[in-house]
Amino acid sequence: VTLGGVIMLYAYHMQLQDIKDKLEIQMLRQTMDAQYANYQMSEQSVALINQKYHDLKHQIEFLKREISEEDKLAYLSGMEREIQQYEAENKTGNNILDTILTTKSLLCQEKNIQITCVADGKALNFLNSMDICSLFGNALDNAITSTEKIENPEKRLIHVMVSREKGFLRIKIENSFQGELKMKNQLPVTTKEDRRYHGFGVKSMKEIAEKYKGSLTVSAKDGWFELRILIPIPESMDEI
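Okay, so the sequence shown: first residue is 115 according to this note's numbering, each after it adds one.
This is the structure:
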């Protein structure tokens, strides 16, 4: 009877664990799908912005021909420089990354966060589109959530770097950070109150890195939070 009871309890425990694992997989999938949906919406918004800027350039050229006052010309020239600066921003060589960076940059402006990026977007070309969305969408969402809590706007900083190094894709996202980083199973514990439905972003990024035989690490030191992803680049892509 005792042995039978133990077997039943073990079977019940395994069933609960199986349900838990299936729920976690479902939540991870929903997280990835949400990031991809956000990217698709952002892509449409960025396309509309590009169209408006293109129209505005022609309007400026017209105004320059009709208006000769030096002060107005100087103002219009300044507007034109801003347009050229916008065109040069977030042109990494990967359209998906460009869209995500542009969208998150607009969000950072609203929250008085300074974001900088140095990225070789072509190094991401061997990754699945949804994986790129999930990696950078989750990483930047977490960075923005953490950084906006800092009271001094001048210290709200995010740095994004994507590069190739000795046959590896190297992704590093840093953000200014205050507080204490709590870790569990080598992953940061979410600071949000309802932990049942949060904390899946980092798990999703870790699974994507491992899917490509790579690794993800996080650390916090001297007021900076750092997320690093290292993924081997396929030999066929290494020279592109």
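Heads up, the beta-carbon is just placed ideally off N, CA and C, and yes, glycines get one too.
Model, not experiment: these values are computed from the prediction.
### Query
For L211 versus I246, is the C-beta spacing smaller than 8 Å?
Result yes, Cβ atoms of L211 and I246 sit closer than 8 Å.
### Task
Compare the C-alpha of E268 against each of A253, Q223, N252, S248 and name the closest.
Closest option to E268, Cα to Cα, is Q223.
### Query
Cβ of L283 within 8 Å of Cβ of A237?
Contact flag set, yes.
### Task
Express the C-alpha separation of T261 and R357 in angstroms, rounding to a whole number.
Since the first residue of the chain shown is 115 and the last is 354, residue 357 is not available in this structure.
### Best match in L130, S191, T217, L249 for proximity to K317 [C-alpha to C-alpha]
For K317, the nearest C-alpha among the options comes from L249.
#### Entry: Same chain, Cβ closer than 6 Å to E288, neighbours up to 5 away in sequence not counted
Counting only Cβ-Cβ distances below 6 Å, and skipping sequence neighbours, we find H273, W338, E340.
### Message
Going by DSSP in three states, N256 sits in which element: helix, strand or coil?
### Response
Residue state, collapsed to three classes: helix.
### Query
Excluding five sequence neighbours on each side, which residues of the same chain lie with their C-beta closer than 6 Å to the C-beta of K286?
In its chain, beyond the 5 residues on either side, M275, R342 have a beta carbon closer than 6 Å to the beta carbon of K286.
### Task
Tell me whether the beta-carbon of L254 lies closer than 8 Å to the beta-carbon of K218.
Result yes, Cβ atoms of L254 and K218 sit closer than 8 Å.
### Query
Below 8 Å between beta carbons: does that hold for G315 and N239?
Not a contact, by the Cβ cut-off of 8 Å.
#### Entry: The beta strand (DSSP E) enclosing L241, as first and last residue numbers
Where L241 is concerned, there is no enclosing beta strand (DSSP E), given that its DSSP letter is neither H nor E.
### Query
Nearest-angstrom Cα distance between L117 and I133?
Just so you know, the alpha carbons of L117 and I133 end up roughly 24 Å apart.
### Query
Among K171, S277, A334, K335, which has the Cα closest to the Cα of L344?
Looking at the Cα atoms, S277 is the closest of the given residues.
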